[in-house]
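Last residue of the sequence shown: number 241 in my numbering, and the count goes up by one each step with no gaps. C-beta: ideal position from N, C-alpha, C; glycine also. Model, not experiment: these values are computed from the prediction. This report refers to the structure that appears directly beneath it.
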Amino acid sequence: MRILVIADAHGKFEAINKIMEEVENEEYDVIIAQGDFTDMFDKKREFRILTIADVVLQKLMVPNRRLFCVPGNHDPYEIIDLLEDYGINLHNKKTKMGELTFVGWGGASTPFNTNFEPTEEETKEAVTGLLKGIRGKWILVSHAPPKGTTLDILKTKTHVGSAAIRRLIEKNKPTLALTAHIHENKGSDKLGETTIFYPGPAYEGFYGFVDIEDQKVSCEIRKAPG
16 MRILVIADAH
26 GKFEAINKIM
36 EEVENEEYDV
46 IIAQGDFTDM
56 FDKKREFRIL
66 TIADVVLQKL
76 MVPNRRLFCV
86 PGNHDPYEII
96 DLLEDYGINL
106 HNKKTKMGEL
116 TFVGWGGAST
126 PFNTNFEPTE
136 EETKEAVTGL
146 LKGIRGKWIL
156 VSHAPPKGTT
166 LDILKTKTHV
176 GSAAIRRLIE
186 KNKPTLALTA
196 HIHENKGSDK
206 LGETTIFYPG
216 PAYEGFYGFV
226 DIEDQKVSCE
236 IRKAPG
């Protein structure tokens, strides 16, 4: 399976346009978007925050590919209804493609009182419930990265990821965890046998591909020009 990964658009739909143009002739099976389709702190916006998120989502839906999304902490809770209407919601849900099951959980805890901030306990209970009955390989899709990896470090060298997400990964051992949120640190890391991947913020033109074949996981970061 080949996955196109796009996260942290923060309302910059022009950047999404460029990314989708770059991948127009690529072969892949599914698009995963890990949230922050809009930006609640963008003081220059001329439209409602949900309208901006809708524009970004519609651009992601242009190619004839399956698309699954979870919200980011900047996204309003109302975005869940929008994702449901489009049939692309993965927040607090699971879905199967071939031999892989995708499990999704959005939002992230921050000190900034942003829109979508589930607690660590809510994260633990929800994802644990979703994992019941899963057999075989699975992929975690979350906006928040697990705590204590190379993908959750701020410029202050502080780890700000989710301890609940980390424990869930360590206990349940997904093949892959796709995360977002901490723009400063893109790339891949490992927790046990689990590959963790964040391609970087889409508003800066970053996106990625993940190839999964048997137990082998390969991650690639790309950047659209401009």
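Segment limits, alpha helix (DSSP H) that includes residue i
i: VAL70; result: 64 to 75
i: ILE184; result: 178 to 187
Nearest to residue i (by Cα), restricted to the options the options
i: GLN49; options: GLU135, LYS111, LEU98, THR143; result: LEU98
i: GLU199; options: GLY207, ALA178, THR173, ARG182; result: THR173
i: GLU39; options: ILE227, LYS74, PHE52, ALA22; result: LYS74
i: MET112; options: PHE83, ASP54, TYR92; result: PHE83
i: SER124; options: THR190, GLU135, GLU114; result: GLU135
i: ILE94; options: LEU115, THR110, ASN130; result: ASN130
i: LEU295; options: PRO126, ARG17, ASP96; result: No statement about residue 295 is possible, as the shown extent of the chain runs from 16 to 241 and does not include it.
i: ASP54; options: ASP69, LYS152, GLU41; result: ASP69
i: TYR101; options: VAL77, SER233, MET16; result: VAL77
i: ILE154; options: PHE127, ASN128, VAL225; result: VAL225
i: ASN104; options: GLU114, GLU208, TRP120, THR116; result: TRP120
i: ARG17; options: ASP23, GLU114, PHE28, PHE52; result: GLU114
i: ILE228; options: THR190, ASP90, ASP57, PHE56; result: It is Glu, not Ile, that sits at residue 228 in the sequence shown. Of THR190, ASP90, ASP57, PHE56, the residue nearest in Cα terms is THR190.
i: THR143; options: PHE127, GLU36, LYS186, GLY163; result: LYS186
i: PRO91; options: ASN128, ASN79, THR116; result: ASN128
i: GLU42; options: ILE149, ALA141, PHE62, LEU19; result: LEU19
C-beta contact flag for residue i and residue j at 7 Å
i: ARG81; j: VAL118; result: no
i: ASN88; j: GLU132; result: yes
i: ILE47; j: VAL156; result: yes
i: GLY223; j: PRO214; result: yes
i: ILE67; j: GLY26; result: yes
i: ALA159; j: HIS196; result: yes
i: THR165; j: ASP204; result: yes
i: LYS147; j: ALA179; result: no
i: ILE184; j: LEU169; result: no
i: ILE21; j: ALA192; result: no
i: VAL71; j: ILE31; result: yes
i: GLY176; j: PRO161; result: yes
i: ARG109; j: GLY241; result: Going by the sequence as given, residue 109 is Lys instead of Arg. Taking 7 Å as the Cβ cut-off, LYS109 and GLY241 do not qualify as a contacting pair.
i: ASP57; j: ASP23; result: no
i: ILE149; j: THR194; result: no
Span of the beta strand (DSSP E) around residue i
i: ILE34; result: It is not in any beta strand (DSSP E) - ILE34 instead sits in the alpha helix (DSSP H) that spans 28 to 37.
i: TYR92; result: Premise fails: TYR92 is in no beta strand (DSSP E) and is neither H nor E.
i: VAL20; result: 17 to 21
i: ASP204; result: 202 to 206
Beta-bridge partners of residue i, as assigned by DSSP
i: TYR222; result: ARG237
i: ILE197; result: Beta-bridge pairing links ILE197 to no other residue.
i: HIS174; result: ILE168
i: LEU191; result: ILE154, THR210
i: PHE83; result: ILE47
i: PRO160; result: The partner list for PRO160 (beta bridge, DSSP) is empty, contrary to what the question assumes.
i: PRO216; result: ALA22
i: GLU228; result: LYS231
> Which residue spans inside the segment 104 to 155 form an unbroken alpha helix (DSSP H) run of at least 4?
Replying inline: 135 to 146
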